[in-house]
Amino acid sequence: MVTALSILDLAPISSGQTPLESFEASVALARAAERTGYERVWYAEHHNMPSIASSATSVVIGYVAAHTERIRLGSGGVMLPNHSPLVIAEQFGTLATLYPGRIDLGLGRAPGTDQNTMLALRRDNSSADSFPQDVLELNGYLTGHTRVPGVQSVPRPQSPVPLYILGSSLFGAQLAAQLGLPYAFASHFAPDALHQAVTVYRETFSPSEQLAEPYVIAGVNVFAADDTATAEEQRTRAYRARTRAMITRGARGANFTDAEIDAFLASPGGAGLANMTRYTAVGTPSEVREYLEKFAEEAKADELITAHHASAVTDRVRSVELTGEIMRASK
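Those letters in the sequence shown? Residues 422 to 752, by this note's numbering.
Listed below in structure tokens is the structure:
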């Protein structure tokens with residue numbers, strides 16, 4: 422059985438929608454999660470992507486926290502090589518001071534963007550090499566055990582902000598195990614190494630002050646609706662839009678038809694892109710529950726973080742509610 426259920430919200434900016442409307446939709450999604458028993462909602466750091474509004478991740482977390490009451494909120498994740506550990510410690514220390522007991526800090530080492538934007542972020546290709554040391558430096562600030570003499574993070578919350586290592590390869594699994602931190606695998610878009618990474622993490626885990634036993638979070642996509650046909654239609658529409666955005670990269674004038682997108686995804690050239698969403702639960706609440714329970718068992722996951730991709734805000738909120746209600750009823 423799934424012991425915890427959470428949400429990854431990319432704060433999508435749908436066609437015809439403003440960024441402000443995207444943030445308001447994120448509040449509606451978090452409130453729905455709060456009502457239906459989810460553990461947490463995380464927001465991912467992406468840059469130079471016109472369809473994603475969560476680039477200033479800590480600011481989005483603060484906005485949603487101000488409009489909710491108790492659900493945990495955090496990053497899934499902050500791409501730490503884009504920032505100095507001290508700045509992230511200050512941001513999340515501030516959040517945890519304002520919203521005690523509600524803030525998580527998930528950390529990744531990918532850029533979350535393209536090569537040119539990396540340069541605009543003042544990041545180079547070697548930035549990720551210091552990720553393990555940066556995590557330790559950040560943890561030192563948040564726990565009051567600074568690794569930089571004479572430098573401390575202010576404000577520092579009464580209770581340390583829990584850290585999570587995010588990954589889609591064996592590197593993150595090995596680092597999370599070595600540091601004794603929870604491990605979240607991005608199987609909602611990078612499924613291939615899921616089982617191997619979880620095995621490595623569990624077999625090599627060393628207890629830490631934060632965590633005594635290994636803890637795995639696995640990502641999975643969800644389209645839940647009142648009937649199967651509606652859920653299937655939502656998946657088709659959302660994944661077409663996703664594919665169209667990825668292959669055009671915002672190029673103006675590119676206007677592929679639905680038939681062309683479907684043909685591309687069915688072709689050898691589109692197989693890799695189609696495979697990215699391999700782990701997707703689609704259907705009625707009972708069908709989604711059956712899929713999620715089987716997925717959690719096979720992935721040896723202690724928690725599932727669900728990404729709800731329906732294009733319409735009302736459909737996303739409904740998917741969150743239906744999934745939360747059916748999974749809570751099954752406990």
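Virtual Cβ for every residue (Gly too), placed ideally from N, Cα, C.
So what does residue i bridge to, in DSSP terms?
i    : result
R461 : R493
Y585 : G527
P440 : DSSP output for P440 lists no bridge partner at all.
P433 : I473
T727 : I428 and V641
V703 : F644
V499 : L528
Once you ignore the five residues that flank residue i on each side, which residues in its own chain have a CB closer than 7 Å to its CB?
i    : result
Y459 : L426, S427, I428, I492 and G745
N560 : L584
H504 : none
S472 : P433, I434 and A666
L615 : F606, S608, A639 and A720
Y660 : T698
A695 : L686
Taking only the alpha-carbon atoms, compute the straight-line gap between residue i and residue j and give it to the nearest angstrom.
i    : j    : result
E455 : S590 : 31 Å
V572 : Y562 : 8 Å
R665 : I682 : 7 Å
R577 : I509 : 12 Å
I726 : M748 : 13 Å
P532 : G640 : 19 Å
V569 : G693 : 44 Å
P433 : F610 : 16 Å
R385 : S479 : An answer regarding residue 385 cannot be provided, because it is not within the stretch 422 to 752 covered by the chain.
Q599 : T439 : 42 Å
P506 : A607 : 23 Å
R710 : R544 : 42 Å
S435 : R663 : 11 Å
T567 : A477 : 25 Å
T735 : D647 : 13 Å
V621 : L587 : 14 Å
A684 : V575 : 54 Å
A731 : R737 : 5 Å
G691 : E653 : 20 Å
Which residues in the same chain have their Cβ closer than 6 Å to the Cβ of residue i, if we skip the five residues on either side of it in sequence?
i    : result
Y712 : A702
D430 : S447, L450, V462 and Y464
E742 : A453 and T457
T651 : none
R739 : none
M539 : P532
I638 : A605, E724 and I726
A728 : L429, H609 and N642
L498 : It is Gly, not Leu, that sits at residue 498 in the sequence shown. These residues qualify, in order along the chain: G527, L528, G529 and L587.
Thinking just about the alpha-carbon of each residue, which of the options is nearest to the one in residue i?
i    : options                   : result
L602 : F610, G593 and H609       : G593
T669 : F626, P433, M470 and P581 : M470
E630 : M667, T564, E653 and R663 : T564
E751 : L441, R661, R737 and E714 : Here the sequence assigns Ser to residue 751, which means Glu is not the residue at that position. For S751, the nearest C-alpha among the options comes from E714.
L542 : T651, V738, H467 and M697 : H467
A643 : G690, T698, T620 and Q536 : Inspection of the sequence shows that residue 643 is occupied by Val rather than by Ala. Looking at the Cα atoms, T698 is the closest of the given residues.
G514 : Y700, N537, V582 and S496 : V582
Quick one: using the 10 Å Cβ neighbour count with 16 as the cut-off for buried, is residue i buried or exposed?
i    : result
Q579 : exposed
Q617 : exposed
S547 : exposed
T678 : exposed
Q512 : buried
D525 : buried
Q655 : buried
T534 : buried
P612 : buried
G522 : exposed
L494 : buried
L441 : exposed
Beta-carbon within less than 8 Å of residue i's beta-carbon, same chain only, minus the 5 sequence neighbours each way: which residues are those?
i    : result
T649 : V703, G704, T705 and E708
L501 : I509, L528, G529, R530, F552, D555, V556 and L559
G674 : Bear in mind that a pLDDT of 46 at G674, under 50, signals an unreliable position, so the number given afterwards is only what the model happens to contain. Here the set comprises nothing.
T489 : V448, A451, R452 and E455
L519 : G483 and A486
E634 : F626 and P628
V481 : A432, F444, S447, Y464, A474 and S475
D550 : none
Quick check: is any heavy atom of the ligand SAH less than 7 Å from the C-beta of residue i?
i    : result
A474 : For the ligand SAH, the structure offers nothing, since it holds no ligand at all.
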